[in-house]
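From first to last, the protein sequence lines are chains A and B. The working numbering puts the first residue of the first sequence at 1, with every later residue one more than the last. The working numbering puts the first residue of the second sequence at 1001, with every later residue one more than the last. Think of the CB as a built atom: it goes at the ideal place given N, C-alpha and C, for glycine as much as any other residue.
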Amino acid sequence: MIVPERPGAEPHDGAVPESYASAPQRGRRWIAVVGVFAQNRLALVSAAFLVLFALFCFIGPLVHSTDQVHTNLSIVNLQPGSPGHVLGTDGQGYDQLGRLMIGGQTSLEVGVAAALLATLVGALVGAFSGFFGGVADGVIMRCVDGMLAIPTVFLLLLLAAIVTPTKTTLVVIVALISWLVTARLVRGEALMLRTRDYVAAARSMGSTSPRTVLRHIVPNSLSVIVVNATFQVADAILVLATLSYLGLGLAPPQTDLGGMLNDGMNYVYNGTWWLIWPPGVAIVAIVVAFNFIGDGMRDAFEVRLQRR
Amino acid sequence: MIGYIARRVVQAVLVVFVVTVVVFILLHQLPGGVRSMLGKTATPQQVAQLTQQLGLDKPIPVQYGKWLGGFLQGNMGYSITQNQSVASLIAERLPKTLVLTGLSLAIAVLLAIVLGLLQAVWRNKAVDYVMTFVAFVFYATPTFFMGLILVLLFAVKWHLFPAQAPQATSIGGLFAAGSGLVLPVATLVLVSVALFSRYVRASAVDELTEDYARTARAKGAGETRVLFGHVLRNVLIPVVTLLGLSLPWVFSGALVVESVFNYPGMGLLFWQAAVQHDYPILLGVTVIISVATVIGSVLADITYAVLDPRVRYSS
């Protein structure tokens, strides 16, 4: 294959091209990224909050042990502050604080796993599609366009109607929706990177196409991929919550934060505000936190690009 | 200009074609298929009979061809759970969804323009930061949570508005019971204002520092005149595109709002069909809503090209 022309190649400003950067320089660059990120207070507070929330969800049940499997209809919808139930109980007699912990666990687990899967698939498809170009690229990208034309929640329900919800299938469903955006972004990067000198150099030295993509295109798109993955987690948690809210999530006694809101909605006229506010506020806080971290990382990486 | 429009339309048709193929293939993975429609007590003969009746024993490409042929003539098959054709169900429900989304979008965009301009004028001041933070939080709030908060406050606590959307069959009936529209529309407005106002702010901040704005100021125009006489119309251009691109997002929001408030629109229809595995409805609604989305983005692109001549020559 003929190396394409380089209309998009950057003008040389005397700086050492990235491809010649030696290992220590590369290490220093990552330290710079971490440094800029650490100066962003909003992002740091968000990260701290997420660590605390994860501890609450995963370690909390060891401290505040509750039965989240068997319903107990003798203690339904207790007010917050009832003895032994700080946040009250829900319509099935589950302790609401304990429910928040296991619901949070599911949301975090599925959200992070789906975002990782979507990022992996999206980055690989995008990188290969952009690198090879031509007919394959055209077909793949038209498919991505087509799937993006279906509004998210509609596509979500369509997929959810097909499978039986378990944690694994939910991860796959959410990832199937999320990888599209990643694929588009990374394809854009690949289109730009494939015209770089070091890619041409690698090829002329006999690097096979898969090797070139995996060793050169993907690593050099890493900043875009990492920043996007952070936003993907926020989106995945929202998408999962929406699915569960619409009643197509995990079957009881399992739940996630959106599922808790679905349960709480049934009692909304009894004024059971404690079934609505805690899981809802938790979703918003998690999503805002991941977005702030994503913003912080984007700023950190952009600074790196400027200082190159 | 005509060439540009033609290219966009061809692309759009291609995208819609891909949508139909993708959805058609996906839906053939439905578990249980015909058996789940008939229930557990159905005999193998009954299953075989319905399979043949629905044409599901034929190869997928043949089924697709038949469906596409019917679709182009406005025949989208019959609902499995409701004794009605998909086309008539959609004809009944689509206008209501359009009322909900149209009303919400119009209010949201107006609000967003006002808020975004104010933020741009007060950029990097305390008010701006607070508003940005609020927009961020609203943007992260799931639509259903927003809806539930409004129900808790305005319907359950203060008894100001009903928590149920009007169940009228006609559009006029919807407006006759207008108070029931308030909470659904408000939910959709609140979540979309956050999205739009961020763009208006960013766009207005850019425009306010452009040369033409500086020239206007140098010639003695006051800040208000610069804002409304010069900057506003340039700010509106990206808003048009944003409107078109946000359509899938708005339809998604509408589906959730419809399920929260039991609003009898297309989203509610689709949601019930997903729960009941009503495959012809799922197929028909997905295609219609995607066509609406694609038409929206084409119209936005064309409007953008009309408003800003630089676009049509560069692509």
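Considering Cα atoms alone, identify which of A:Leu44, A:Val288, A:Ala300, A:Asp295 is closest to B:Phe1136.
The count along the second sequence starts at 1 and reaches residue 1136 of chain B at position 136. Taking each of A:Leu44, A:Val288, A:Ala300, A:Asp295 in turn and checking the Cα distance to B:Phe1136, the smallest one comes out for A:Val288.
B:Trp1249 - containing alpha helix (DSSP H), residue span
On the second sequence, position 249 is the one that residue 1249 of chain B refers to. B:Trp1249: member of the alpha helix (DSSP H) spanning 1247–1261, first to last residue.
If I measure Cβ to Cβ from B:Ala1108 and keep anything under 7 Å in the same chain, skipping five residues before and after, which residues do I get?
Here residue 1108 of chain B refers to the residue found at position 108 when the second sequence is read from its first residue. Excluding positions up to five away in sequence, the list reads Val1189, Ser1192, Val1193, Phe1196.
Is it the case that the Cβ atoms of A:Ala219 and B:Pro1248 are separated by a distance below 7 Å?
By one-based count along the first sequence, residue 219 of chain A stands at place 219. By one-based count along the second sequence, residue 1248 of chain B stands at place 248. Checking the sequence shown, residue 219 of chain A turns out to be Pro, not Ala. Their beta carbons are not under 7 Å apart, which means A:Pro219 does not touch B:Pro1248 by this criterion.
Relative to the alpha-carbon of B:Leu1255, which residue among A:Tyr245, A:Thr208, A:Asp263, A:Arg298 has its alpha-carbon at the smallest distance?
Residue mapping note: residue 1255 of chain B aligns to position 255 of the second sequence, counting from 1. Nearest option by C-alpha distance: A:Tyr245.
Can B:Phe1261 and B:Ala1165 be called in contact, C-beta distance under 7 Å?
Counting from 1 along the second sequence, the entry for residue 1261 of chain B is found at position 261. Counting from 1 along the second sequence, the entry for residue 1165 of chain B is found at position 165. Taking a C-beta distance under 7 Å as the contact criterion, B:Phe1261 and B:Ala1165 qualify as a contact pair.
Candidates B:Asp1211, B:Arg1201, B:Leu1181, B:Thr1215: closest to B:Pro1264 by CA position
As a position in the second sequence, residue 1264 of chain B is number 264, starting the count at 1. The residue with the shortest Cα to Cα distance from B:Pro1264 is B:Leu1181.
Could you tell me the distance, in whole angstroms, from the CA atom of B:Arg1123 to the CA atom of B:Arg1217?
Numbered from its first residue, the second sequence carries residue 1123 of chain B at position 123. Numbered from its first residue, the second sequence carries residue 1217 of chain B at position 217. Looking at the two C-alpha atoms, the distance is approximately 18 Å.
Alpha carbon of B:Val1298 to alpha carbon of A:Ala127, nearest angstrom
Residue numbering aside, residue 1298 of chain B sits at position 298 when the second sequence is read from its first letter. Residue numbering aside, residue 127 of chain A sits at position 127 when the first sequence is read from its first letter. When the Cα atoms are used, B:Val1298 and A:Ala127 turn out to be separated by approximately 28 Å.
Note down, in chain order, all residues in the segment 1252–1283 of chain B with a beta-carbon under 7 Å from any beta-carbon belonging to chain D.
In summary, chain D is missing from the structure at hand, where the protein chains are A and B.
Cutting at 7 Å between CB atoms, please list the residues of its own chain near A:Ala21, excluding the five before and the five after it.
What you label residue 21 of chain A is simply residue 21 of the first sequence in a count that begins at 1. Only weak support exists for where A:Ala21 lies, its pLDDT of 44 falling under 50; the coordinates are left without a value.
Give the residues from the segment 264–281 of chain A that approach chain B closer than 7 Å (Cβ to any Cβ), ordered along the chain.
Of all residues in the segment 264–281 of chain A, Met265, Val268, Tyr269, Gly271, Trp273, Ile276, Gly280 have a Cβ within less than 7 Å of some Cβ in chain B.
For A:Ser74, count neighbouring Cβ atoms within 10 angstroms of its own Cβ and tell me buried if that reaches 16, exposed if not.
The count along the first sequence starts at 1 and reaches residue 74 of chain A at position 74. Classification of A:Ser74: exposed, given that the 10 Å Cβ count is below 16.
Measure from the C-beta of B:Thr1293 to each C-beta in chain A and report whether the shortest distance is under 7 Å.
Mapped onto the second sequence, residue 1293 of chain B falls at position 293. By the rule that beta-carbons nearer than 7 Å mark a contact, B:Thr1293 touches chain A.
What does B:Thr1224 reach in chain A if we use C-beta pairs closer than 8 Å?
Here residue 1224 of chain B refers to the residue found at position 224 when the second sequence is read from its first residue. Per Cβ cutoff of 8 Å: no residues; B:Thr1224 is ~32 Å from chain A at best.
Identify each residue in the segment 1156–1182 of chain B for which the Cβ-Cβ distance to at least one residue of chain A is less than 7 Å, and report them in chain order.
Among the residues of the segment 1156–1182 of chain B, those with a Cβ less than 7 Å away from any Cβ of chain A are Val1156, in the order of the chain.
Can the beta-carbon of A:Val153 be found closer than 7 Å to that of B:Ser1252?
Numbered from its first residue, the first sequence carries residue 153 of chain A at position 153. Numbered from its first residue, the second sequence carries residue 1252 of chain B at position 252. Taking 7 Å as the Cβ cut-off, A:Val153 and B:Ser1252 qualify as a contacting pair.
What residue does the alpha helix (DSSP H) around B:Gln1276 start on, and which one ends it?
Numbered from its first residue, the second sequence carries residue 1276 of chain B at position 276. For B:Gln1276, the enclosing alpha helix (DSSP H) covers residues 1266–1276.
Per the contact definition of three or more C-beta pairs closer than 8 Å, is the segment 195–211 of chain A in contact with the segment 82–102 of chain A?
In short, these stretches do not touch, since the Cβ pair count stays below three.
Quick one: grab the DSSP three-state call for A:Thr164.
Reading the first sequence from its first residue, position 164 is the one you call residue 164 of chain A. Of the three classes helix, strand and coil, the one that applies to A:Thr164 here is coil, per DSSP.
How big is the Cα-Cα spacing for A:Gly122 and B:Leu1089?
Indexing the first sequence from 1 puts residue 122 of chain A at position 122. Indexing the second sequence from 1 puts residue 1089 of chain B at position 89. The straight-line gap from Cα to Cα measures roughly 37 Å.
Does DSSP put A:His216 in a helix, a strand or coil?
The sequence position of residue 216 of chain A within the first sequence is 216, counting from 1. Of the three classes helix, strand and coil, the one that applies to A:His216 here is helix, per DSSP.
Is it true that the CB of B:Ile1281 sits closer than 7 Å to the CB of B:Val1086?
The sequence position of residue 1086 of chain B within the second sequence is 86, counting from 1. The sequence position of residue 1281 of chain B within the second sequence is 281, counting from 1. The Cβ-Cβ distance between B:Val1086 and B:Ile1281 falls below 7 Å.
Rounded straight-line distance, which links the Cα of A:Leu120 to that of A:Ser209
The residue you call residue 209 of chain A lines up with position 209 of the first sequence. The residue you call residue 120 of chain A lines up with position 120 of the first sequence. Taking the straight line from one Cα to the other gives about 18 Å.
What is the rounded straight-line gap between the Cα of A:Val112 and the Cα of A:Gln96?
Counting from one through the first sequence, the residue named residue 112 of chain A turns up at place 112. Counting from one through the first sequence, the residue named residue 96 of chain A turns up at place 96. Roughly 24 Å between the two C-alpha positions.
Give every residue of the same chain whose Cβ lies closer than 6 Å to the Cβ of A:Leu191, excluding the five residues on either side of it in the sequence, and list them in chain order.
As a working mapping, residue 191 of chain A is identified with position 191 in the first sequence. Taken in chain order, the residues that qualify are Gly130.
Give the interface partners of A:Arg298 over in chain B, defined as CB-CB distance under 7 Å, in chain order.
Against the first sequence, residue 298 of chain A aligns to sequence position 298. Ordered by position in chain B, no residue passes the 7 Å Cβ test against A:Arg298, which lies about 14 Å from the chain.
Exposed or buried, which one is A:Ser204 when buried takes at least 16 other CB atoms within 10 Å?
Indexing the first sequence from 1 puts residue 204 of chain A at position 204. Exposed.
A:Gly294 CB to nearest chain B CB: under 7 Å?
Within the first sequence, the letter at position 294 stands for residue 294 of chain A. Not an interface residue.
Span of the alpha helix (DSSP H) around A:Glu109
Within the first sequence, numbered from 1, the residue matching residue 109 of chain A stands at position 109. Unbroken alpha helix (DSSP H) run through A:Glu109: 96–132.
Quick test of your reading: A:Asn40 and A:Asp299, contact by CB under 8 Å. State the CB separation rounded to the nearest angstrom.
The residue labelled residue 40 of chain A in the question sits at position 40 within the first sequence. The residue labelled residue 299 of chain A in the question sits at position 299 within the first sequence. Between A:Asp299 and A:Asn40 the Cβ distance is about 7 Å, and since that is below 8 Å, they are a contact.
Tell me where the alpha helix (DSSP H) around B:Asp1057 begins and ends.
The count along the second sequence starts at 1 and reaches residue 1057 of chain B at position 57. Looking at the DSSP string, B:Asp1057 is not in any alpha helix (DSSP H), and its letter there is neither H nor E.
Taking Cβ-Cβ distances below 7 Å as the criterion, which residues of the segment 140–151 of chain A are in contact with chain B?
Answer in chain order: Arg142, Cys143, Asp145, Gly146, Met147, Ala149, Ile150, Pro151.
Does B:Pro1142 come within less than 7 Å of chain A when only Cβ atoms are used?
For the purposes of this step, residue 1142 of chain B is taken as the residue at position 142 of the second sequence. Yes - at least one Cβ of chain A is within 7 Å of the one on B:Pro1142.
Residues from the segment 1118–1147 of chain B in contact with chain A, defined by Cβ distance under 7 Å:
Within the segment 1118–1147 of chain B, the qualifying residues are Phe1136, Val1137, Ala1140, Thr1141, Pro1142, Phe1144, Phe1145.
With C-beta atoms as the reference, is A:Thr230 less than 7 Å away from A:Phe290?
Counting from 1 along the first sequence, the entry for residue 230 of chain A is found at position 230. Counting from 1 along the first sequence, the entry for residue 290 of chain A is found at position 290. Against a cut-off of 7 Å, the Cβ pair of A:Phe290 and A:Thr230 comes out as a contact.
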